[in-house]
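A.B. asks:
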Amino acid sequence: MKAVVLNRLGDFDSLVDAEVRDLKVSADEILVKTRAVAVDPIDIKIGNGSRGGRDGMILGSSVAGDIIAVGRNVRGFKVGDRLAANVRGGETYAEEVLVPERLAAHIPDNVT
C-alpha cells in the first residue's frame, strides 16, 4: 500500500510517497480505505519531535473513509459503511488505516 512517510523527524521536506507494508486487522479493529485526512496540530507536533515521533513514520490522526474489513469482535460496523475517526498517531496519511472500533463514528448517509 502507499503512504506518506516522514523520513527524518523534524524535517517536513523529507515527506515522501512510499510503498509500505499491508495492514492486518486485529479482533477489535476496522480497516478503512482512506477517502480524506486532516493535517491536525498534533501531527505537526509528532512530526517535529516535540510529542514523540521517529524517523520513517507515517503521520496522521484524522481519517474518513469506507470500511473494507472488520475484526471478529467488531459489532457496530460492517464492510461498506462509511466512518470517521480521530486516532492520535494512527498513521492516517495512507491508502488504508486501522481504526479501533471504540474510536470510530458512522458518517451519516446525508453527509458527503
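Position in the sequence shown counted from 1, then plus 42, gives you the numbering used here.
Just so you know, even glycine gets a beta-carbon here, dropped at the ideal spot from N, CA and C.
Just so it is clear, the structure is predicted and the values come from calculations on it, not from any experiment.
1. In this structure, how does DSSP classify Gly107 when only helix, strand and coil are distinguished?
2. Cα-Cα, which of Val79, Gly52, Arg124 is closest to Asn152?
3. If you run the structure through DSSP and keep just helix, strand and coil, what is Arg96?
4. Roughly how many whole angstroms lie between the Cα atoms of Arg122 and Lys75?
5. Which residue comes first and which comes last in the alpha helix (DSSP H) that contains Pro83?
6. Quick one: Cα of Ile72 to Cα of Asp108, how far?
7. Report yes if the C-beta distance between Gly89 and Phe119 is below 8 Å; otherwise report no.
C.D. replies: Let me lay it out:
1. Here residue 107 corresponds to residue number 65 of the sequence shown, with the count starting at 1. It is a strand residue.
2. For the purposes of this step, residue 152 is taken as residue 110 along the sequence shown, with counting starting at 1. Put simply, of Val79, Gly52, Arg124 the residue whose alpha carbon is nearest the alpha carbon of Asn152 is Arg124.
3. The residue given as residue 96 occupies position 54 in the sequence shown. Of the three classes helix, strand and coil, the one that applies to Arg96 here is coil, per DSSP.
4. Along the sequence shown, one-based indexing puts residue 122 at 80. Along the sequence shown, one-based indexing puts residue 75 at 33. Rather than Arg, the amino acid found at residue 122 in this sequence is Gly. Separation of Gly122 and Lys75 (C-alpha to C-alpha, rounded to the nearest whole angstrom) is 10 Å.
5. Taking the sequence shown and counting its residues from 1, one reaches residue 83 at position 41. 83-89 is the span of the alpha helix (DSSP H), which, as asked, contains Pro83.
6. Working through the sequence shown from its first residue, we reach residue 72 at position 30. Working through the sequence shown from its first residue, we reach residue 108 at position 66. Ile72 and Asp108: Cα-Cα distance of roughly 10 Å.
7. Indexing the sequence shown from 1 puts residue 89 at position 47. Indexing the sequence shown from 1 puts residue 119 at position 77. Between Gly89 and Phe119, the CB-CB gap reaches or exceeds 8 Å.
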